[in-house]
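In the order they appear, the protein sequences are chains V and Z.
Quick note: the first sequence uses my numbering, first residue 17, plus one each step.
Quick note: the second sequence uses my numbering, first residue 0, plus one each step.
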Amino acid sequence: DGGITQSPKYLFRKEGQNVTLSCEQNLNHDAMYWYRQDPGQGLRLIYYSQIVNDFQKGDIAEGYSVSREKKESFPLTVTSAQKNPTAFYLCASSRDRGRYEQYFGPGTRLTVT
Amino acid sequence: KQEVTQIPAALSVPEGENLVLNCSFTDSAIYNLQWFRQDPGKGLTSLLLIQSSQREQTSGRLNASLDKSSGRSTLYIAASQPGDSATYLCAVRRNTGGFKTIFGAGTRLFVKA
Chain V
17 DGGITQSPKY LFRKEGQNVT LSCEQNLNHD AMYWYRQDPG QGLRLIYYSQ
67 IVNDFQKGDI AEGYSVSREK KESFPLTVTS AQKNPTAFYL CASSRDRGRY
117 EQYFGPGTRL TVT
Chain Z
0 KQEVTQIPAA LSVPEGENLV LNCSFTDSAI YNLQWFRQDP GKGLTSLLLI
50 QSSQREQTSG RLNASLDKSS GRSTLYIAAS QPGDSATYLC AVRRNTGGFK
100 TIFGAGTRLF VKA
């Protein structure tokens, strides 16, 4: 089955700890994205990558970091510098950055206490 | 700055009713518009993608229209069913500035049996 997987589904961390969220796709898509979703708000873009070894900041990149060493993988690290990290995190991919539709993974709910 | 608004924020209808969800955007310089469905605690499922040169797209009981000049899109759901209960989001992809995607906050739909 082709698709996007995110792990884990739920993640609990103490304040001050870094945490890494996994995102893998087997759709052979070039572009990958990380979004954050908070209740009552639209999705907000954290980072995106158009190609391996390249990534760009989105609207709310502060306190987050990413890497794109393989086409299939785009992990997101939530650092201790992120002031309000508790949220639902969604990974997506598309064939490219323009014309083609985005496909989403099932999401990771991160709770930091 | 592109803003995407979805009205109403929530909607409750009896089973079998035809309904329309609205999405408006402030900047007509878009590449495409995508409608998604999101079930509670889940990722987004793509429903329809309309390119900027198109007026509408159809899939089963769903029909989405696009009027770029007025900055509006509608998602028409025919003969609604309880299984249609979910949050529906529209997302506009700009055709400048890195093809960024802007999401609306969604319409939460409840179809009563």
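Note that beta-carbon positions come from the ideal geometry of N, C-alpha and C, so glycine has one too.
Quantities reported herein were computed from a predicted structural model and do not represent experimental measurements.
So, using beta-carbon positions, are residue i and residue j closer together than 8 Å?
i	j	result
S72/Z	A63/Z	yes
S89/V	L43/V	no
T86/Z	Q37/Z	yes
Q22/V	C39/V	yes
T124/V	L27/V	yes
Q5/Z	R93/Z	no
V110/Z	V12/Z	yes
Y63/V	G79/V	no
P122/V	K25/V	yes
E16/Z	P81/Z	no
T14/V	S83/V	Examination of residue 14/V is not possible in this model, given that chain V is present from 17 through 129 alone.
I76/Z	D66/Z	no
Would you report the Cα separation of residue i and residue j, rounded to the nearest angstrom?
i	j	result
E85/V	F71/V	10 Å
F98/Z	V91/Z	9 Å
T127/V	N100/V	10 Å
L47/Z	G114/V	16 Å
V68/V	M48/V	10 Å
G146/Z	S68/Z	Because chain Z spans 0 through 112 in this model, residue 146/Z falls outside it and cannot be assessed.
T129/V	Q33/V	10 Å
Y51/V	W34/Z	16 Å
Applying the 10 Å Cβ sphere with the 16-neighbour rule, what's the burial state of residue i?
i	result
Q118/V	buried
R60/Z	exposed
A13/V	No answer is possible for residue 13/V: it lies beyond the span of chain V, which begins at 17 and ends at 129.
V3/Z	buried
G40/Z	exposed
T36/V	exposed
F120/V	buried
A104/Z	buried
N31/Z	buried
Q41/V	buried
S106/Z	Note that residue 106/Z corresponds to Thr in the displayed sequence, not to Ser. Under this definition T106/Z is a buried residue.
Q50/Z	exposed
T100/Z	buried
### Query
Does the stretch 22–29 of chain Z touch the stretch 54–67 of chain V, meaning 3 or more C-beta pairs lie closer than 8 Å?
no
### Task
Tell me, please, whether the stretch 7–25 of chain Z touches the stretch 92–111 of chain V by the rule of three or more beta-carbon pairs shorter than 8 Å.
no
### Contacting positions in the stretch 21–34 of chain Z - beta carbon closer than 8 Å to chain V
Y30, N31 and Q33
### Query
Of the residues that make up the stretch 85–111 of chain Z, which ones have a beta carbon closer than 9 Å to any beta carbon in chain V?
So the list reads L88, A90, R92, N94, G97, F98, K99, T100, I101, F102, G103, A104 and G105, given in the order they occur along the chain.
### Residues of the stretch 41–62 of chain Z whose Cβ lies closer than 8 Å to any Cβ of chain V, in chain order
K41, G42, L43, T44, S45, L48 and Q50
### Residues in the stretch 24–41 of chain V having any Cβ partner in chain Z nearer than 8 Å
Hits within the stretch: zero.
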